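Heads up, the thing below is written out as structure tokens.
In the working numbering, the protein residues as written are 2 to 460.
In structure tokens form, the structure reads like this:
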């Protein structure tokens, strides 16, 4: 049994002073008690908050961040950005993906993420043919997670069509091509590899309604349930206006409306983006227990639109944050963008606050951590018995945190600086980041630089 002493910690009931967190040999929290003596416990070295889950990641896109910031069309949008992405991934192989994912996961950890949902759709070789090992690319993410120490929920994606109505895939999309049977085969292989590792999970990710048929979606969900009825299901939904309009043309229903009419959406589901939803769709989402995966920096970068956050939270909707294309690798920036954009829309301040919880920073961190835990099907997001010991220690000497305590620490973390305020990070009872550094960051970064130079020289 390991004991960690924190001068203060964010527990489910609020901030408590002099907390001892007891961690069992499997990396689970056995107890978290306040007003304790520090004797016999290791000092955390600062205030402790729960680790954050990144609910939506396409790791390979980390290496192309900043690549699409030149005008290609007077009407640049997600759809023109996607063409840049297609061009970039033509040359990506397993070694490239391994190096990119390792760098990304290392960065995430240093910024306070302790787990990631990897929405993985780059399955095939550059010629569109499957690798001899069908999970070759998926394995690179597991290896990167092992190398860096981040927890992972790996979600092989079903991607079969180019648009609604079973439109054939474009040549540039052949690397994504899969069938329900192939994805379930990947799940079976990944389940064997993961075994009983508590810091690795699997699920599935039907890419979007435009990329699967109704029959395929049902087969995939039914097949996953036969393997694990609690495994998560993630899907892109209603990210762009064009997608909504195309769905209306195809089905006479909006994307979220169609999904709820045709699938048993519940707390296993994470719906990425949902940027363009109606009031009735927001109500259905909130009542279902599903999590909305919000990716503010990516949605802003792509010009997607603005999620109706205030209205959704009024209905007690659940949500988490994701890095998506990884133009940012920090939960702080995602949450800051989320709040600031809503302020611009409403033309007022402190959108996430309420009389019951006046701290914006504490509210955002708590809700995102809880929603992220649900989306990853991982017991995390709170410092409480039964949860994985995912702890983030804030630097008490950082100039933005000096003199702050309790909720004020979260307000300063989110609105007065950057991720450099994170001092230590623990995942599953193991210290991964110490004094702001990952033990393998130099080696990982050197490998990433080599890969990035190689990739960019070929553009």
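We put the beta carbon where it would ideally sit given N, CA and C, even for glycine. The model shown is predicted, which means the values in this text are computed figures rather than measured ones.
- Looking at the backbone, the Cα of residue 13 and that of residue 402 are separated by about 22 Å.
- Annotation: the continuous beta strand (DSSP E) that includes residue 424 extends over 423 to 428.
- Note that the stretch 48 to 60 touches the stretch 109 to 116; at least 3 beta-carbon pairs, one per stretch, sit closer than 8 Å.
- Look at residue 130 here: in three-state DSSP terms it is coil, with no helix or strand label.
- Beyond the five residues adjoining it in sequence on each side, residue 6 comes within less than 6 Å, by CB distance, of 21, 39, 42 and 44 in the same chain, given in chain order.
- Beta bridge pairing from DSSP links residue 43 with 5.
- Of the other Cβ atoms in all chains shown, 16 or more fall within 10 Å of the Cβ of residue 382; this residue is therefore buried.
- Residue pairing from DSSP places residue 205 in a beta bridge opposite 234.
- Secondary structure note for residue 30: its beta strand (DSSP E) is the uninterrupted segment 30 to 34.
- Listed in chain order, the non-local C-beta contacts of residue 310 below 6 Å within the same chain comprise 343, local neighbours out to five positions each way being set aside.
- Between residue 204 and residue 154, the gap from beta carbon to beta carbon is short of 8 Å.
- Short of 8 Å from the beta carbon of residue 31, and not among the five residues preceding or following it, lie these beta carbons of its own chain, in chain order: 2, 23, 24, 25 and 386.
- Shown here for residue 218: same chain residues with a beta carbon closer than 7 Å to its own, the five before and five after excluded, namely 207 and 264 in chain order.
- Taking 8 Å as the cut-off, the Cβ atoms of residue 225 and residue 188 count as close.
- Non-local beta-carbon contacts of residue 366 in its own chain, meaning distances under 6 Å to residues more than five positions away in sequence, involve 411 in chain order.
- In the structure shown, residue 217 falls within a helical segment according to DSSP collapsed to helix, strand and coil.
- In the three-state reduction of the DSSP assignment, residue 51 falls in the strand class.
- In the structure shown, residue 294 adopts extended strand secondary structure according to DSSP, grouped into three states.
- By the Cβ criterion, the stretch 196 to 203 is not in contact with the stretch 244 to 263, since fewer than three pairs of Cβ atoms, one from each stretch, lie closer than 8 Å.
- When the alpha-carbon of residue 128 is set against those of 112, 162 and 178, the nearest one is in 178.
- Here residue 294 is actually not in contact with residue 260; their C-beta atoms are around 14 Å apart, not less than 8 Å.
- When Cβ pairs closer than 8 Å are counted between the two stretches, the stretch 346 to 356 is seen not to touch the stretch 430 to 447, the count staying below three.
- By the criterion of a C-beta distance shorter than 7 Å, residue 90 is surrounded in its chain by 61, 123 and 176, once the five residues flanking it on both sides are discounted.
- Boundaries for residue 275: no beta strand (DSSP E) harbours it, and the DSSP string shows neither H nor E there.
- In the three-state reduction of the DSSP assignment, residue 162 falls in the coil class, being assigned neither a helical nor a strand state.
- For the 8 Å CB-CB criterion, residue 427 and residue 392 form a contact.
- The beta carbon of residue 104 sits closer than 6 Å to those of 445 and 449, all from its chain and outside the five residues before and after it, given in chain order.
- Residue 209 places its beta carbon 8 Å or farther from that of residue 234.
- By the Cβ criterion, the stretch 280 to 297 is not in contact with the stretch 135 to 148, since fewer than three pairs of Cβ atoms, one from each stretch, lie closer than 8 Å.
- Going by C-alpha positions, residue 166 is about 14 Å away from residue 256.
- Residue environment analysis places residue 215 among the exposed positions, since fewer than 16 neighbouring C-beta atoms fall within 10 angstroms of its C-beta.
- According to the DSSP assignment, residue 196 belongs to no beta strand (DSSP E), since it is labelled neither H nor E.
- DSSP places residue 453 in no beta strand (DSSP E) but in the uninterrupted alpha helix (DSSP H) bounded by 442 to 458.
- In terms of CA proximity to residue 65, 101 leads the group 49, 101 and 96.
- Taking C-beta separations shorter than 6 Å and ignoring five residues to either side along the sequence, the partners of residue 36 in its chain run 19, following chain order.
- Residue state for residue 86 is assigned as helix, using DSSP reduced to three classes.
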